[in-house]
Structures are given as structure tokens and as C-alpha cells.
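One structure is given below, encoded as C-alpha cells.
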Amino acid sequence: MSVSLSDFDLTSHEHIPTTLFETAEQGSLYVANAIAELIESRNKESKTTVLGLATGSTPTQVYDELVRKHKEEGLSFKNVITFNLDEYYPMAPEAHQSYVHFMHEYLFNHIDIDPKNIHIPDGTLKKDMISDFCANYEAKIDAAGGLDIQILGIGRTGHIGFNEPGSTVDSITRLITLDRVTMLDAASGFFGIENVPRRAITMGVGTILKAKKIYMMAWGEGKAKIIKETVEGSINTSIPATFLQHHKNTEVILDDAASAELTRIKTPWLAGPIKWNNFLIKKAVIWLSLKLEKPILKLTEEDYREYGMNDILVEIGTAYNVNIRVFNQIQHTITGWPGGKPNADDTYRPERKTPFPKKALIFSPHPDDDVISMGGTFIRLVDQGHKVHVAYQTSGNIAVFDDDAVRFADFVSDYNDVFQLDDTQADNMFREIRKFLENKKQGEPDSEEIKIIKGLIRRGEAKAACRYVGIPDENIHFLDLPFYETGKIRKKPIGPEDVAIVKKLITEIKPHQIYAAGDLSDPHGTHRVCLEAIFAALRELRDEPWMKDCYVWLYRGAWQEWDIEDIEMAVPLSPAETDKKRRAIFKHQSQKDRPLFPGSDKREFWQRADDRTRGTAEIYDELGLAEYEAMEAFVRWKELDD
Ligand code: F6R
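For the sequence shown, this note's numbering assigns the number 1016 to the initial residue and increments by one for each residue that follows.
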């Protein structure tokens, strides 16, 4: 047990040098600094720097930092030549979804690069001109002296650039067909998969591998699986990113969430002896139990020895002792009393028994995350007599279909007619709205009126769900945080005005419990920014005396559930509660059947919620704990505890 992590090479399974950062922001700064250093040293010698650039959600913070360095530190891009990896085909450069538009919005419009030095594959070419264009693109890269630094993201298919599975190691710039998974991932930007182009022009794997230095970045849990295969798997054409293993100067840059499946993080005991601690023991025992499909209390000394966990036995004694200790820890996470059980011994309960009732404040990034992610706990808190407030952080207006806006505007205009309210304004407005929507181009932001109508539709749904669960109207708060209100998928960064709004509400309520969506690494922004706003407000409020009594519980947002070893409170739901939760989710009609932003998951939101909570209950059952219908899981945020 005296062995320390650093005595062993935990990266021995990895075939590409991989550097881990806690957050995407830190990883992005690292890459931006490397790029800026190269540009600066080349500038001093009056030489050019040739950059290979990527689009998508991954590199945006690198671009933000390069823009900042240009504006605040005078970093000049006059001698920089850029080549972008890819562009959809066909694609007009002025379209909102074009990579030309993306690159100008994030980078080129804000720096002093010479437009002649910008190269992006041309999505407007006639088919018979593409192959000449591609040969020329390769020649231009060579003529510029080759790519000094290439930055990459990775697709869920394992593509780099748009080199989908099947691409060969020596492929060059060419027209390709996109994988369906890639089209699904792009669907929200195009307002539906049917609008996503089927093809793209992309640099080849061979083109990329000629770069002198490559940084491949990945953020968020969605990338964890493909990153493991890329970094630890064997080289094969079905995951083109594995070809990076051939390159001598590639570095993979990950945040915590994207590194979660690497052996050194997920099962470090398989990579060599490690320094065990309480958490690692719990994680290892859960892993062993699930791997062997044996309840924890049935694990034997041989099982521990066979999987490199002998040291745990040396530390704790017998398998029986280890088993019972971990079993109890997990057992103590289960509570049917998320607000604390009055008059009970709360030594081992996740929540305190007093005060009772508590004031609970649920933050919901979009108007339906509360019921989707923690609807059962919400229902229990209300039924057990707590004073529950819900704060909807954003209006959620961009996720409403145009025809729903028309339907509601129509209702107002008909309502005025029927009740003879003598209001021609409503009719005029309705006509304006129809005209605007008829001429609206794909991806064009809505007019102010339409944004308001769409926001009101979601408000009405959220109120209906809250009333159904049983909280009074005055406990429903709509914050409409300003960062969200761009009318576009790209949002503004969090600002002091967002934090001030959140802080004001927390101060008014002085809650004993706060629930927040803990998607620490959601790369697409809204949930992460909403959480940042709450954390920033709480940090500012840390010295308030009532804050000492406030527990902050994080539920996982729409995408995934917490790992079992992380869960600190698991709230079981009965079949009847599961049913009631489902009905509360159904109140969000604009998001039902077919939401505007379904993501890559085909299931409706209520199905995702059902599957996820059932899944957690099944794992508890497999570990040998009680068998429940479903469970919602929470982790406590403890930054302000000390
Ligand atoms: C973008 C590109 C793609 C993306 C990849 C990841 O120019 O070539 O390979 O890097 O699809 O996309 P995001 O970053 O949006 O997850």
C-alpha cells in the first residue's frame, strides 16, 4: 500500500501521448498557447506559420483565446496561413451552417489575418471541378511549406476531418459521404437531419498526418468511448483517428469527462499497482461485482486476487470486510426522503432531518429538465411537505417549432375575435408573424415577437407541469437569463447580469437545498453555462450565514447518469411515481413526439428518463442491494464546505 501512483506508468495502455486537463477551458488554453508561441517566434523571424484548422464545438475556446491574445496582447496573424479541414458539400459560404461562416464568426472576423491566406474547401463547386480543386488544395498546403500545427476534434464515428470509417491512411483531400451518425450529430445545427448535406470535402488522413505537430482535442462524456478506442485500441480503418498512432508528434488533449474510459482513469488497478483510497476501493469493488455479475457480498478473496486487487485485502483484511464496507456505503446513498426524514437518525442519511420542512430550490436549465431529470424527487419533495420552488434558467425558445408559434398566435387573434375584444393589433401581429415565417431562411434567428411567443409556449408548459406536481404559481420563477437570448444555437458567454439574476433569487428564497443540472462538461453550452451561473452566485454568497445550512445537489442533465461510485443520494421511485413523473414530462408538449433538437438519441425525453432511472435501479439490484422500479441519482457539490 505504500506504492504511489507516480511509481508506475499508468499510461502504458496508451499508444498516443495524452495529456489530461480538468476542464475543456484549461485544455484549450494549453493548445492556444502552443499555437501563439509558434506564431510569435515565426513573426520575430518574419516567417510564416501554417495552421490546419477545425470547426465544430471542440476548438471554439481555442479560437476565443487566440482572439483574446490578438486583442489584448497584440498577437498578430499577418504572417499566418490557414487551411481548414473540411466543408459540407454542397454549401453556400453565406449559409449559417457553413464552415466559412463558422470560421469568420469565431476567428477570422476578429484578427488581422490577410483574407488571401485563408483556405477553406469550396462547397459551391460543380461536381466535375472538385477533384482538380482537391489536388490544388494539397499543392497549396505543400507550397506553403506544409502544416506546422493541425488541430483536430474527433467525431463519434472516430472521424478526423470528415474521414469517416473506411478512410485509408494515405487518403488525400476529396469528396466523401458522411456517416449517418455524423449527420445525426449535425442535425440540430441544420434544424433536422433531412437538411444535413450528405457529403463534404475533407482533407485526407494522409494530408493530416503530414502536419508537423497535431493536437487532437476532445471534451465531454460523449467522446469518452471513442477516445479510449483511439488512444488504446489497435490501428484500423474503422476508426480513422487510430491512424494518429502512426504520427510521431501527436498529442491528445482531454478534459476529465473525455478521459473517463481510459484504463488509467477507469480501472487504474489493471494498469499496475496503485495507491488505494476509499473512493478507489469503492470504484474497484463496484467494477468487480458488475464484471463478474456477482453481488458485492458474494465476492471472494480469489476474485480480488485475480483482478489485481490483492492490496485492498492487505489493507482492510478479508474479502468479507471489504464487501460489507462498500455495500454499506452504497446502501447509505438510498433514501426515499430527499428532503431528510423527520425524527429519524440521520447519521448515515444523505440529507439532514432538520429543518423540516425545508425550502428547496430546483434550477432547471431549460423548461423541462426539472421533470425529465429529477421529476420523481420533485414529486417526493412536494408530497413530503417541503416548500419547493423551481427556477427555469432559460426561455428554451429556440427549441419550439415555427408552426407551434403560428398556432398560438392564431389562437390569440381568434380569441379576440370571438370575445369581440376589438383588437386589430392581434390580427396584424398574426399576419406579420406568418409573413416572417414564410420567408424565414434555415437557421435565421426569429423576430423578437416570435421569440417571445415561443418562450411563452414553453412557460405555459412548465407551469402546467409544476401545477400537476403540486406547487403554487408563486413558487415558479422564470429567469430568462440573457446569455441565452441570441435566437441562435450559439449563445453568449455567461455575464455578470446572469449571475446577478441567479443570486437575487437564491437570496430571496434562502433555500436549505438547491438542485442543479450538473452537466459539468456539456460541450454545447447551455447546461454548463447555467451551472456556472449558479456556482458563481453561490461563491459570491458563501459568507451569508444561511448558506451554511444549504446543501447543493447536482442531478445529471439530459445525457447521462452519474457513475455509481459517484452517487451520494439515490432516490427510489415506485411504479406509480414513475408514471406520475412521465405525465409531468408529457406536459411539455412542444418537446414531445419529435423535438426540434433531439440530439443523436432517437428516444423521446420521457423514454430516456425512464430508461436511465430504471438502469440505475438495475445496477443497484445487480450489486445486491434492494430491487426498485427506478432511481434518480444526485452528487453533492461541496466546494463551499470548508
Ligand atoms: C470539423 C471536423 C470534425 C469535427 C468532429 C467533432 O472541422 O472536421 O472532424 O472535429 O466532428 O465535432 P465537435 O467538435 O462538434 O464535437
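Glycine included, each C-beta is placed from N, C-alpha and C at the ideal position.
Beta-carbon proximity of residue i to residue j, cut-off 9 Å
i: residue 1176; j: residue 1069; result: yes
i: residue 1570; j: residue 1649; result: yes
i: residue 1180; j: residue 1241; result: no
i: residue 1077; j: residue 1047; result: yes
i: residue 1121; j: residue 1099; result: no
i: residue 1532; j: residue 1379; result: yes
i: residue 1221; j: residue 1166; result: no
i: residue 1328; j: residue 1163; result: no
i: residue 1212; j: residue 1353; result: no
i: residue 1252; j: residue 1197; result: no
i: residue 1337; j: residue 1301; result: no
i: residue 1524; j: residue 1374; result: yes
i: residue 1277; j: residue 1243; result: yes
i: residue 1257; j: residue 1173; result: yes
i: residue 1654; j: residue 1628; result: no
Alpha-carbon spacing of residue i relative to residue j, whole angstroms
i: residue 1345; j: residue 1321; result: 24 Å
i: residue 1339; j: residue 1350; result: 19 Å
i: residue 1585; j: residue 1334; result: 26 Å
i: residue 1394; j: residue 1592; result: 8 Å
i: residue 1225; j: residue 1250; result: 17 Å
i: residue 1561; j: residue 1547; result: 21 Å
i: residue 1517; j: residue 1563; result: 18 Å
i: residue 1372; j: residue 1600; result: 26 Å
i: residue 1544; j: residue 1509; result: 6 Å
i: residue 1087; j: residue 1051; result: 13 Å
i: residue 1129; j: residue 1085; result: 14 Å
i: residue 1275; j: residue 1428; result: 53 Å
i: residue 1617; j: residue 1235; result: 20 Å
i: residue 1582; j: residue 1499; result: 30 Å
i: residue 1215; j: residue 1138; result: 8 Å
i: residue 1359; j: residue 1588; result: 20 Å
heavy atom of the ligand F6R below 8 Å from residue i C-beta
i: residue 1400; result: no
i: residue 1160; result: no
i: residue 1176; result: yes
i: residue 1259; result: no
i: residue 1164; result: no
i: residue 1169; result: yes
i: residue 1069; result: yes
i: residue 1238; result: yes
i: residue 1114; result: yes
i: residue 1064; result: no
i: residue 1269; result: no
i: residue 1072; result: yes
i: residue 1217; result: yes
i: residue 1200; result: yes
i: residue 1197; result: yes
i: residue 1058; result: no
Local conformation of residue i per DSSP, three classes
i: residue 1643; result: coil
i: residue 1652; result: strand
i: residue 1219; result: coil
i: residue 1584; result: strand
i: residue 1437; result: coil
i: residue 1389; result: helix
i: residue 1068; result: strand
i: residue 1622; result: helix
i: residue 1336; result: helix
i: residue 1022; result: Low per-residue confidence applies at residue 1022: pLDDT is 44, beneath 50, and the placement is therefore not dependable, though the value from the model is reported in the following sentence. DSSP places residue 1022 in helix when its eight states are reduced to three.
i: residue 1274; result: helix
i: residue 1528; result: strand
i: residue 1617; result: coil
i: residue 1406; result: strand
i: residue 1092; result: coil
i: residue 1016; result: Caution applies to residue 1016, whose pLDDT of 32 falls short of 50 and renders its modelled position unreliable; the model cannot decide the point.
i: residue 1233; result: strand
i: residue 1150; result: helix
i: residue 1421; result: helix
i: residue 1500; result: coil
i: residue 1378; result: strand
i: residue 1568; result: strand
i: residue 1459; result: coil
i: residue 1177; result: coil
i: residue 1482; result: helix
Neighbour flag for residue i against chain D, beta carbons, 9 Å
i: residue 1451; result: Reference to chain D is not applicable here, since this structure consists of a single protein chain.
Query raised in the report: Hey, is the segment 1264 to 1278 in contact with the segment 1026 to 1036, meaning 3+ C-beta pairs nearer than 8 Å?
Result: yes
Query raised in the report: Per the contact definition of three or more C-beta pairs closer than 8 Å, is the segment 1472 to 1484 in contact with the segment 1435 to 1447?
Result: no
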